[in-house]
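Novice: Note that UniProt numbering numbers the sequence shown so that position 37 is 37, with each residue one more than the last.
Quick reminder that beta carbons are idealized off the backbone N, C-alpha and C, glycines included.
This is the structure, below, for whatever I ask next.
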Amino acid sequence: MARSVPALADMTQQQLRDIRNQLPDADVSGDSDYAIRAN
1 MARSVPALAD MTQQQLRDIR NQLPDADVSG DSDYAIRAN
């Protein structure tokens, strides 16, 4: 059975979602440090 790999955009959104869950006041907008590091 082949295993599917999520797209880069999906992985980025998952990482940012995890950060928001851990730090509700974290800035995860497009130009934030978290968003840049997630890419």
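Distance, Cα to Cα, residue 35 vs residue 15?
Specialist: Near 9 Å, if we compare the C-alpha coordinates of residue 15 and residue 35.
Novice: Rounded to whole angstroms, how far is the Cβ of residue 19 from the Cβ of residue 26, which I believe are closer than 8 Å?
Specialist: Correct: roughly 5 Å between the Cβ atoms.
Novice: Closer than 7 Å by C-beta to residue 29: which residues in its own chain qualify, once you throw out the five before and the five after it? Chain order, please.
Specialist: Within the same chain, residue 29 has close Cβ partners 35.
Novice: Output the boundary residues of the alpha helix (DSSP H) element that contains residue 8.
Specialist: Its alpha helix (DSSP H) spans residues 8 to 22.
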